[in-house]
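Residue numbers (this note's numbering): 1374 to 1618. Even for Gly, the Cβ is constructed at its ideal location relative to N, Cα and C. Bear in mind the structure is a predicted one, so any value in this text is a computation, not a measurement. As structure tokens, the structure follows; a few thoughts come after it.
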Amino acid sequence: MEEVEVVVAHHECATLRVGDVFLKIDADQTRTDVEVEAMAMAPIPTPEVLWRKPPVLALAALPGTALGRLGEPSTASAAAWAAAGAAVRMLHDAPLPPWPGRSLDEIALHLDGECEWLVTNGVLPTDLVTRNRQIAEAALRPWTPVFTHGDLQVAHVFADGDKITGVIDWTEAGQGDALFDLAILTLGHEEHLGDVVAGYGTDVDLDVIRAWWSLRSLLAVRWLVEHGFDPSAPGCEVDVLRSRM
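Next up, the structure:
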């Protein structure tokens, strides 16, 4: 009998692995709807949908291993990181999904609310929040929407050697800023930004990517704390914020 591995679990959703099958259990079926449709539209490798019986979605495991983990050095090659950049460019060049992403006003309002919560509750020092909020401002500018993954953290990109074998977890996919995807992919792995940009194949505004690092980290801290994760672990979100000081 195959062992059941709990990949991630919190009060909103859980992902289990049984052999070569991942079982995603989500209380919000609209997220699963987005994931299934986005994977069908994406021009890059994604997990095969084996079956769906709400609230469970069964996906085949991807070959290879994750490009890395937040808080840990990546053992993937520079070529693999560049290949990830090329895959992201292919996604961004694809036709837009029909559903919209978050607006600038929504993101700015959310950011202001999270910064206030972090300071009011003494979760982070005021100067740390203030400095990163200033940096984050550069990301809050108009952009031309592209097909974005929306949660392209390094653990969601799989590689086998120098080849990208697929990208998982598409529940946040939608229309968005191309530089947001590049920022999330390199969050906590700044040393690989040059490889990713080289693979992406076009000039990007590095200051905006750095702004998204600050913005994403500020937004993530409360969610991580409330869902049982530690944003203060070495190399994770709080360290990303401190590195901007």
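| Asked | Found |
| --- | --- |
| Three-state secondary structure assigned by DSSP to Trp1454 | helix |
| Cβ-based neighbour list, Gly1458, same chain, cut-off 6 Å, excluding 5 preceding and 5 following | Val1569, Gly1572 and Tyr1573 |
| Inter-stretch contact at 8 Å, needing at least 3 Cβ pairs: the stretch 1408 to 1427 / the stretch 1538 to 1548 | yes |
| CB of Val1577 within 8 Å of CB of Leu1560, strictly | no |
| Counted within 10 angstroms of its Cβ, other Cβ atoms place His1465 as buried (16 or more) or exposed | buried |
| Straight-line gap, Gly1567 to Glu1375 (C-alpha atoms, nearest Å) | 41 Å |
| Assumed close pair Asp1554, Thr1517 - CB separation to whole angstroms, cut-off 8 Å | About 13 Å separates the two Cβ atoms, so there is no contact after all. |
| Same chain, Cβ closer than 8 Å to Ser1450, five either side skipped, listed in chain order | Gly1534 and Asp1535 |
| Supposed contact pair Val1527 and Leu1588 - C-beta distance, whole angstroms, cut 8 Å | Between Val1527 and Leu1588 the Cβ distance is about 18 Å, and since that is not below 8 Å, they are no contact. |
| Per DSSP, cross-strand counterpart(s) of Ala1532 | Thr1438 and Ile1537 |
| Selected residue, minimal CA-CA separation from Ala1512, among Asp1478, Ala1433 and Phe1602 | Asp1478 |
| Local Cβ density within 10 Å of Thr1405, reported as buried at 16 or more and exposed below that | buried |
| For Trp1472, the first and last residue of its enclosing alpha helix (DSSP H) | No alpha helix (DSSP H) contains Trp1472, which DSSP labels as neither H nor E. |
| First through last residue of the beta strand (DSSP E) which encompasses Gln1526 | Unbroken run through Gln1526: none, as it is neither H nor E. |
| 8 Å CB neighbourhood of Leu1497 in its chain, flanking five on each side removed | Leu1491, Val1594, Val1611 and Leu1614 |
| Neighbour-count burial assignment, Glu1563, 16 or more Cβ in a 10 Å radius | exposed |
| Burial state of Trp1472 (16 or more Cβ within 10 Å) | exposed |
| Three-way DSSP call (helix, strand, coil) for Glu1378 in this model | strand |
| In DSSP terms, what Cys1386 is bridged to | Asp1399 |
| Where Phe1520 falls: helix, strand or coil (DSSP) | strand |
| Helix, strand or coil at Gly1549 [DSSP, three-state] | strand |
| Residue span of the beta strand (DSSP E) that contains Val1429, given as start and end | Val1429 to Ala1433 |
| Neighbour-count burial assignment, His1565, 16 or more Cβ in a 10 Å radius | buried |
| Three-state secondary structure (DSSP) of Trp1424 | strand |
| Cβ distance (whole Å) where Gly1608 is taken to contact Leu1443 below 8 Å | 7 Å |
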